[in-house]
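2 protein chains.
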Amino acid sequence: MKSSERKFAEGMLYTDMYQLTMAQLYFHRGLHEKDALFEHFFRRNPDYGSHKAGYSINAGLEWLLDWMAEARFGTEEIEFLRAQTGRTGARTFDDDFLDWLAANGTFDGISLQAIPEGRVVHPNVPLTVVQGPLAMAQILETPLLNHLNFQTLIATKAARIREVGRGNLLLEFGLRRAQDRGASAGARAALIGGADFTSNVGISKVLGYPPKGTHAHSMVQVFMALGEGELEAFRAYADIYPDDCLLLVDTVDTLESGVPNAIKVFEELRKAGHEPVGIRLDSGDLAYISIQAAKQLDAAGFPDTSIVLSNALDELVIWQIITQIQEEAPRYGMDADHIINRLAYGVGTRLITSDPASALDGVYKLVAICEDDAWVPTLKISENREKTLNPAHKKIWRLYDERQKATADLLALAEEDPAAADTLLLHHPSNHTKYRTISRDEISAVEPLLVDIMVNGKVVYDLPSIEEMRAVREHDMERLDHGVKRLMTPHIYHVSLSQKLWNLKQGMIQAVNGDEEQQVPTQI
Amino acid sequence: MKSSERKFAEGMLYTDMYQLTMAQLYFHRGLHEKDALFEHFFRRNPDYGSHKAGYSINAGLEWLLDWMAEARFGTEEIEFLRAQTGRTGARTFDDDFLDWLAANGTFDGISLQAIPEGRVVHPNVPLTVVQGPLAMAQILETPLLNHLNFQTLIATKAARIREVGRGNLLLEFGLRRAQDRGASAGARAALIGGADFTSNVGISKVLGYPPKGTHAHSMVQVFMALGEGELEAFRAYADIYPDDCLLLVDTVDTLESGVPNAIKVFEELRKAGHEPVGIRLDSGDLAYISIQAAKQLDAAGFPDTSIVLSNALDELVIWQIITQIQEEAPRYGMDADHIINRLAYGVGTRLITSDPASALDGVYKLVAICEDDAWVPTLKISENREKTLNPAHKKIWRLYDERQKATADLLALAEEDPAAADTLLLHHPSNHTKYRTISRDEISAVEPLLVDIMVNGKVVYDLPSIEEMRAVREHDMERLDHGVKRLMTPHIYHVSLSQKLWNLKQGMIQAVNGDEEQQVPTQI
Chain P
1 MKSSERKFAE GMLYTDMYQL TMAQLYFHRG LHEKDALFEH FFRRNPDYGS
51 HKAGYSINAG LEWLLDWMAE ARFGTEEIEF LRAQTGRTGA RTFDDDFLDW
101 LAANGTFDGI SLQAIPEGRV VHPNVPLTVV QGPLAMAQIL ETPLLNHLNF
151 QTLIATKAAR IREVGRGNLL LEFGLRRAQD RGASAGARAA LIGGADFTSN
201 VGISKVLGYP PKGTHAHSMV QVFMALGEGE LEAFRAYADI YPDDCLLLVD
251 TVDTLESGVP NAIKVFEELR KAGHEPVGIR LDSGDLAYIS IQAAKQLDAA
301 GFPDTSIVLS NALDELVIWQ IITQIQEEAP RYGMDADHII NRLAYGVGTR
351 LITSDPASAL DGVYKLVAIC EDDAWVPTLK ISENREKTLN PAHKKIWRLY
401 DERQKATADL LALAEEDPAA ADTLLLHHPS NHTKYRTISR DEISAVEPLL
451 VDIMVNGKVV YDLPSIEEMR AVREHDMERL DHGVKRLMTP HIYHVSLSQK
501 LWNLKQGMIQ AVNGDEEQQV PTQI
Chain H
1001 MKSSERKFAE GMLYTDMYQL TMAQLYFHRG LHEKDALFEH FFRRNPDYGS
1051 HKAGYSINAG LEWLLDWMAE ARFGTEEIEF LRAQTGRTGA RTFDDDFLDW
1101 LAANGTFDGI SLQAIPEGRV VHPNVPLTVV QGPLAMAQIL ETPLLNHLNF
1151 QTLIATKAAR IREVGRGNLL LEFGLRRAQD RGASAGARAA LIGGADFTSN
1201 VGISKVLGYP PKGTHAHSMV QVFMALGEGE LEAFRAYADI YPDDCLLLVD
1251 TVDTLESGVP NAIKVFEELR KAGHEPVGIR LDSGDLAYIS IQAAKQLDAA
1301 GFPDTSIVLS NALDELVIWQ IITQIQEEAP RYGMDADHII NRLAYGVGTR
1351 LITSDPASAL DGVYKLVAIC EDDAWVPTLK ISENREKTLN PAHKKIWRLY
1401 DERQKATADL LALAEEDPAA ADTLLLHHPS NHTKYRTISR DEISAVEPLL
1451 VDIMVNGKVV YDLPSIEEMR AVREHDMERL DHGVKRLMTP HIYHVSLSQK
1501 LWNLKQGMIQ AVNGDEEQQV PTQI
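Quick mapping for you: the protein sequence lines, in order, are chains P and H. Note that this note's numbering numbers the first sequence so that position 471 is 471, with each residue one more than the last. Note that this note's numbering numbers the second sequence so that position 206 is 1206, with each residue one more than the last.
Structure (structure tokens):
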């Protein structure tokens, strides 16, 4: 796609067609400027099949705000809509609506609250709350989800990989297997979630990090094809990058050729006054080869060089590698921790795609609409009880126990203040037999999670740096119970409804189910 | 990301750092302008776990060419590289190299052959062959793979869904769950591979298709919250879109409320001289509900209205729905085919992410380098024999049997002409015990697959429209054996080496394995 076309494709019409057909309907019914409240949340943490996440890391907000700041209904957008026709050839959008859209189709009326980027977040908790004129809030649904779903998915994967990798150096290598330009957002999310750096040069500049990388197999192949060998290739690399010499040792035979050749070059470097960085392993039994490579490096006097691992890594593979090293290293007279501590991880495909959980199921649901200056809660019932909406204008609170660990997120009506209550009744969101009672003195802190981001189209929030987001993530991770962070079968973190919200929801469900009329909203 | 930043992030530095550190090394060794030959291919068709692809659909080339046409080493790119430093604070890239890059870092020396978009393609067959100066051909690796891997992945998924869905209307709905801007490439690939339309408005314009969509649950919720019901919401929709009335019937209760209300509105429409389009089902047991909804619609005199299905569809789910309708429809006195033929499919998440095979493993490998005016083949041996490279400058042929079905793709040395041979020996690419002998008269056609796309930086190829790519895809699909197209356990399509290529490869492997020197390329 040419960049001129990209500007259009990813501008204001970067949305689903039905948002626009609905907006026109609202316009003709005089509903388009009615104040509406939509909540964005996801229903399940990423489930990777053999393992799954017990938490997620929120990300993507800043880029959504960047998109909102630039998106406009310009002439080209309006004329494209004017050219749309239905089955009979009649125009889909009429002039009245298009005139309104051209003049008023902005986000100037939108206010937005959100949980900040980098925070640990949980299913069914509103991460973003959008308030504004119905038509524009509706059109915003698709681009909002597009920006937030993916980055949250990837930040979560990065956090898991970092946890399993004991916080060792983690590099994002996924550009070549990424989803076209999804690579940029994926790299950003990886940096927020746990990667230290990315190999992606362009996005590194935008995000303010140095790009990382050394060399590929092709460099060694070139030297071999020209009648020189792996050793000459390594020497050439060391010659140009004497203080940053990290050599890929598996082009020919890792333990017979690659590591011995690397050691020769490392010795030459050291004689010339430079310390080598290390080696990279990209194939084979990475745990076994790490042990053997470490053994050779130690024996040669290079016990501090890094061993960078790559090739289809993810949190499960890294966990397996570390476990295998713990088991096997002693057989070779090696200290497992010494090997594990020198590992670094280059993670490509499975981080940038969150394989095999390739999407977060974030949704954007109408929870209330303003009528006669009051919020009328809205409901969508599902046969799957867990998917029935939590209605109404709400506030979100995180409760910490005596150990300063997060014990539950509480969804409450906007006017409630759980910090002021003596006892809190926490309802399971869909199962009426499950609830918890906590007395206020068991709670060390009650923290509101949503912050004001945008008020009437103006950003009122100091956008944090990625470094700040990382600090937020680390702080939240420390306050998360160990069981929730477990690689497999994590504890289920409690997301609960307040008594008042529970009562409202049940009343609304009964009103619909018990009545032939499909409405009866309960005014609050 | 602001669009000014995006221009940089996704310009010439939309590549991996190591491509640039290697380019600098080639520059200092005087190798940077040596003519090199790289091949792009993938190793495995997408494997979705419970089912897998027996073929893939090639896509992405035009957008790669668009990227190449715009990418430049401008001042900002060069200055960013100049600012990069290593561990000791010394600059990573020196002025000589950066001066060369600023003056010569273009794709003007690159020539490119490729298999056209829309064609059926197979593992280990070069889809793209890049010839040009080593440094720039190396830098191109990452952006080439980024553009081609993803679109081929998604086009393949779309083709599978279309096959299972019997060619019925297929709509791409994935923008909200897509990978940020990966949505645009995904929508394009879906249209090439098998989707008729997308709901994504912006990309529809760029690609020349009308965007599709009707309404969401939120529209019905709005009417309910304001004291009106589902019926009023449907009437409002029919009022504005009388000739394109497709109603989402599962906001309250599909069979008790949604379908009866839709029928009321359809009757009103018909009285006013309009024929309704149909209904959409987005939850529940879609096969069962389709049967019951069809029964209600038939009884009311609307046997021709569409039933659009959505909600976590993919080829496996659609196959299950069709099978279930075939089994259950007769129990309700319904004709299964009549129901199946009126189905249309809105596929979101699992198409745009190719869930759960979220990446294609496409690679870009150096296969030859020019020395003294001759191509010297290059090798990379792998412990996994299947991953050992097929070396040398090659041509690719597709062989068709007497039934006009494709029977094998043949990789041969560039100077070979299989069309002229009396007998063809087709070697399994890695297993020496497996080969096939075919006499020329069993072969109805021998087709060269690679076409010239770019010669010395100039596009020499008439870029086909998406309609033309679709025709190519359909033609190739017709010539593919049924077993290869099977949803599960597909036959393995033969990708073979010619005798001469086999001999060359074996000779090179033996030269490396039988010698302490890790080189000995075989001149051809």
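Ideal placement from N, C-alpha and C gives every residue a C-beta, glycine not left out.
Residue i lies in the alpha helix (DSSP H); which residues open and close that run?
{"i": "H/Y1018", "result": "1017-1028"}
{"i": "P/S184", "result": "182-193"}
{"i": "P/E468", "result": "466-478"}
{"i": "H/V1308", "result": "H/V1308 -> not in any alpha helix (DSSP H); beta strand (DSSP E) instead, spanning 1306-1309."}
{"i": "H/G1483", "result": "1482-1485"}
{"i": "P/R350", "result": "349-352"}
{"i": "H/L1411", "result": "Looking at the DSSP string, H/L1411 is not in any alpha helix (DSSP H); the run it does join, the beta strand (DSSP E), is 1406-1413."}
Give me the Cα-Cα distance between residue i and residue j, rounded to the nearest whole angstrom.
{"i": "P/V451", "j": "H/A1287", "result": "44 Å"}
{"i": "P/P236", "j": "P/A262", "result": "A small fix is needed here, since residue 236 of chain P is Ala in this sequence, not Pro. Computed Cα separation, rounded: 12 Å."}
{"i": "P/I192", "j": "P/I321", "result": "25 Å"}
{"i": "H/L1148", "j": "P/R176", "result": "9 Å"}
{"i": "P/Y18", "j": "P/D96", "result": "18 Å"}
{"i": "P/R29", "j": "P/A392", "result": "23 Å"}
{"i": "H/E1517", "j": "H/T1388", "result": "In this predicted model, H/E1517 has a pLDDT of only 37, less than 50, meaning its place in the structure is not dependable enough to derive any value."}
{"i": "H/V1130", "j": "P/D476", "result": "48 Å"}
{"i": "H/S1056", "j": "P/G273", "result": "52 Å"}
{"i": "P/T21", "j": "H/I1318", "result": "27 Å"}
{"i": "H/I1339", "j": "H/Q1326", "result": "9 Å"}
{"i": "H/G1086", "j": "H/F1093", "result": "10 Å"}
{"i": "P/P521", "j": "P/Q510", "result": "With a pLDDT of 37 at P/P521, under the threshold of 50, the modelled position of this residue cannot be trusted, and the question is left open."}
{"i": "H/L1399", "j": "P/M68", "result": "53 Å"}
{"i": "H/M1598", "j": "H/N1058", "result": "With chain H represented from 1001 up to 1524, any question about residue 1598 of chain H goes unanswered, as that position is not in the structure."}
{"i": "P/I289", "j": "P/L255", "result": "7 Å"}
{"i": "H/Q1292", "j": "H/P1330", "result": "12 Å"}
{"i": "P/G105", "j": "P/F73", "result": "6 Å"}
{"i": "P/N513", "j": "P/G507", "result": "10 Å"}
{"i": "P/L140", "j": "P/T15", "result": "8 Å"}
{"i": "P/L269", "j": "H/R1091", "result": "18 Å"}
{"i": "H/N1200", "j": "P/T433", "result": "43 Å"}
Given that residue i touches chain P, what residues does it touch there, using C-beta distances under 9 Å?
{"i": "H/F1266", "result": "In chain order: nothing, as chain P lies at least about 15 Å away."}
{"i": "H/V1376", "result": "A225, L226, G227"}
{"i": "H/K1505", "result": "What H/K1505 touches in chain P: nothing, since even the nearest Cβ is about 14 Å away."}
Find the residues of chain H that neighbour residue i, judging by a C-beta separation of less than 7 Å, and give them in chain order.
{"i": "P/D243", "result": "G1086, R1087, T1088, A1090"}
{"i": "P/V129", "result": "None at all; the shortest Cβ gap to chain H is about 15 Å."}
{"i": "P/P211", "result": "M1017"}
{"i": "P/A359", "result": "R1177, T1349, T1353, D1355"}
In the DSSP assignment, find the beta strand (DSSP E) that holds residue i and state where it starts and stops.
{"i": "P/L424", "result": "423-427"}
{"i": "H/M1454", "result": "1451-1455"}
{"i": "H/S1496", "result": "1494-1497"}
{"i": "P/P377", "result": "374-377"}
{"i": "H/A1368", "result": "1363-1371"}
{"i": "P/V277", "result": "Run containing P/V277: none; DSSP gives neither H nor E here."}
{"i": "H/E1172", "result": "1170-1172"}
{"i": "H/P1301", "result": "What sits at residue 1301 of chain H in the sequence shown is Gly, not Pro. Unbroken run through H/G1301: none, as it is neither H nor E."}
{"i": "H/R1436", "result": "1435-1439"}
In chain A, which residues lie less than 9 Å from residue i when you measure between Cβ atoms?
{"i": "H/P1046", "result": "The chain inventory of the structure shown lacks chain A, comprising the protein chains P and H."}
So which residues of chain H does residue i contact, with C-beta pairs closer than 8 Å?
{"i": "P/I115", "result": "Simply none; closest approach about 19 Å."}
{"i": "P/E10", "result": "R1181, S1184, G1202"}
Note down, in chain order, every chain P residue with its Cβ under 7 Å from the Cβ of residue i.
{"i": "H/I1240", "result": "Q24, L25, H28"}
Taking C-beta pairs closer than 9 Å, name the residues in chain H that residue i reaches, listed in chain order.
{"i": "P/I369", "result": "Q1221, V1222, A1225, L1226"}
May I have a chain-ordered list of the beta strand (DSSP E) segments no shorter than 3 residues that lie completely inside the segment 1085-1158 of chain H?
For secondary structure counted as the beta strand (DSSP E) over 3 or more consecutive residues, the segment 1085-1158 of chain H holds these complete runs in sequence order: 1111-1114, 1128-1133.
Quick one: which unbroken beta strand (DSSP E) runs of 3-plus residues sit fully inside the segment 237-273 of chain P? Chain order, please.
Residue ranges of uninterrupted beta strand (DSSP E) with 3 or more members, entirely inside the segment 237-273 of chain P and ordered along the chain, are 246-248.
Whether or not the segment 1356-1372 of chain H and the segment 1033-1052 of chain H are in contact is what I'm after, with contact meaning three or more pairs of Cβ atoms, one per stretch, closer than 8 Å; do they touch?
Because the criterion of three Cβ pairs below 8 Å is met, the segment 1033-1052 of chain H and the segment 1356-1372 of chain H touch.
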